[in-house]
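Numbering of the sequence shown is given in full-length UniProt numbering, commencing with residue 1 and proceeding in unit increments. For every residue, glycine included, the Cβ atom is placed at its ideal position computed from N, Cα and C. Just so it is clear, the structure is predicted and the values come from calculations on it, not from any experiment. Structure first, commentary second.
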Amino acid sequence: MGRVLPSVVVEPTLLASSPEAPARDTLVFLHGWPDSPALWDSQTNALAREGYRCVSIPLPGYPPDDARAGATAAGRMNLNFDAAVEDVASTMRATTTPPATVIAHDWGCVVTYRLQRKHPELVRRVAVLDVGNDVDGLTRRERAWIVAYQAWLIAAHQAGGAVGDWMTTTFARAAGAPGVGGRGEGGRRTVSAALNWPYAAFWRERLRGGGGGGEDEEKTSADERRIGDASSRRVPSCATLYMYGTDKPARFHGDRWLKDVRENPAGGKVVAVEGAGHWFLVTHASATNEALSTWLRETEDAPPPRSRSAL
1 MGRVLPSVVV
11 EPTLLASSPE
21 APARDTLVFL
31 HGWPDSPALW
41 DSQTNALARE
51 GYRCVSIPLP
61 GYPPDDARAG
71 ATAAGRMNLN
81 FDAAVEDVAS
91 TMRATTTPPA
101 TVIAHDWGCV
111 VTYRLQRKHP
121 ELVRRVAVLD
131 VGNDVDGLTR
141 RERAWIVAYQ
151 AWLIAAHQAG
161 GAVGDWMTTT
171 FARAAGAPGV
181 GGRGEGGRRT
191 VSAALNWPYA
201 AFWRERLRGG
211 GGGGEDEEKT
221 SADERRIGDA
231 SSRRVPSCAT
241 LYMYGTDKPA
251 RFHGDRWLKD
261 VRENPAGGKV
271 VAVEGAGHWF
281 LVTHASATNE
291 ALSTWLRETE
301 DAPPPRSRSA
311 L
């Protein structure tokens, strides 16, 4: 049984929740590195006006959960994706009436793929932003860039303290992460090395032969497994939207992933956000909100999830 994480809830506005408005399900938002539930402010405010109840859940150890988990060196080393999935599942049961629609970005996508596979009864449909579940087909340059920056963040995680925080903050600013003073932003904040735990946890799994990751393909290029046609194990077994920015040093998905999403028997759609980077939900918020709103309306009649776990 996981912990209930401190979440941010935005209730539907009175205008959208009038008697004439259609009944709509709850939207659960999962962010990634090095963000917090505040990453989704534009989306939750816009979609609440359309009648959706929005629940933004932090990754374990991330604000506002950082006061409880991951605050010590031991905590940083013990955080992992199996626990994150169970924490999110427990939080969804406590804050929503499942099944809900999950909208995720970055490492939140990795948690979502595993959550939907292990607890399909909780997830009605998913919208995953910029990180696919299959990276087969990346170029050598893309692979090299991903390995290099992830190795830097893992080293920062291991170092901890002021040195680890400096390493983490330096890369976050260079990458243009929102709210850390990059790309002409006025505000500057330090990014804790403790937030790098997903990188360390992911690579621990890979080096140990899979760990808790099972058959999932996530945000790395190392371990490209070619096991016949494994698309049924990679693509969620529910209606799926995949959005990605086109202007990045490397993709976090392969061409096969796009094909498999489009051919998802439960319903699949791919949206490319032209000229946008990794955090397009912030830099291109209007386009993101419009795409999400359109897809949500298109899939309002999506079938309920299976009642049993596939594992």
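Cβ-based burial, residue i [other Cβ within 10 Å; buried from 16]
i      : result
Asp260 : buried
Pro236 : buried
Ile227 : Here Ile227 scores only 28 on pLDDT, less than 50, and its place in the model should not be relied on; the value that follows carries that caveat. It counts as exposed.
Glu11  : exposed
Arg225 : Summary for Arg225: the model assigns pLDDT 36, below 50, so the residue's position carries little reliability; its value from the coordinates is reported in the next sentence. Flag for Arg225 reads exposed.
Ala100 : buried
Met1   : exposed
Leu292 : buried
Glu205 : buried
Pro303 : exposed
Pick from the options that is closest to residue i, judged by C-alpha positions
i           : options                        : result
Pro305      : Arg234, Arg125, Trp197, Ala174 : Arg125
residue 313 : Gly254, Phe280, Tyr199         : Since the first and last residues shown for the chain are 1 and 311, residue 313 lies out of range.
Ala148      : Trp203, Pro58, Gly160          : Trp203
residue 374 : Phe252, Val128, Trp197         : The chain is shown only over 1 to 311; residue 374 falls outside these bounds and no answer can be derived.
Ala266      : Cys238, Ala83, Val282, Ala156  : Cys238
Trp279      : Arg256, Ala83, Ala172          : Ala172
Pro249      : Trp145, Trp257, Leu281         : Trp145
Met92       : Val128, Pro120, Arg117, Val28  : Val28
Asn45       : Arg297, Ala285, Ala302, Glu300 : Ala285
Leu281      : Pro60, Gln116, Arg297, His31   : His31
Leu138      : Thr283, Asn264, Gly254         : Gly254
Asp130      : Gln158, Thr112, Val85          : Thr112
Ile57       : Ala48, Leu195, Ala84, Ala302   : Ala84
Ala94       : Leu122, Glu300, Lys118         : Leu122
Ala174      : His157, Trp152, Ala159, Trp40  : Trp152
residue 312 : Val180, Glu300, Ala194         : Absent from the model: residue 312. The displayed extent of the chain is 1 to 311, so no value can be given.
Integer Cβ distance of residue i from residue j, believed to fall under 8 Å
i      : j      : result
Gln43  : Thr288 : 7 Å
Gly277 : Gly161 : Actually they do not touch by this definition, with Cβ atoms about 30 Å apart.
Trp257 : Asp134 : 4 Å
Item to check | Whole runs of the alpha helix (DSSP H) within the segment 35-100, excluding any shorter than 4 residues | outcome: The segment 35-100 contains these whole alpha helix (DSSP H) runs: 41-48, 73-78, 81-95.
Item to check | Length at least 3, wholly inside the segment 116-155: the beta strand (DSSP E) runs in chain order | outcome: Fully enclosed beta strand (DSSP E) runs of 3 or longer: 123-129.
Checklist entry - Any chance the segment 49-65 sits against the segment 2-11, with 3 or more Cβ pairs inside 8 Å? => result Result yes; three or more Cβ-Cβ pairs closer than 8 Å.
Checklist entry - With contact counted as at least three CB pairs below 8 Å, one residue from each stretch, are the segment 98-110 and the segment 24-39 in contact? => result Three or more pairs of CB atoms, one per stretch, sit closer than 8 Å, so the segment 98-110 contacts the segment 24-39.
Item to check | Inter-stretch contact at 8 Å, needing at least 3 Cβ pairs: the segment 242-252 / the segment 263-278 | outcome: Yes, the segment 242-252 touches the segment 263-278.
Checklist entry - What alpha helix (DSSP H) runs, 4 residues minimum, are completely inside the segment 157-198? => result With a minimum length of 4 residues, the continuous alpha helix (DSSP H) runs that stay inside the segment 157-198 are 161-175.
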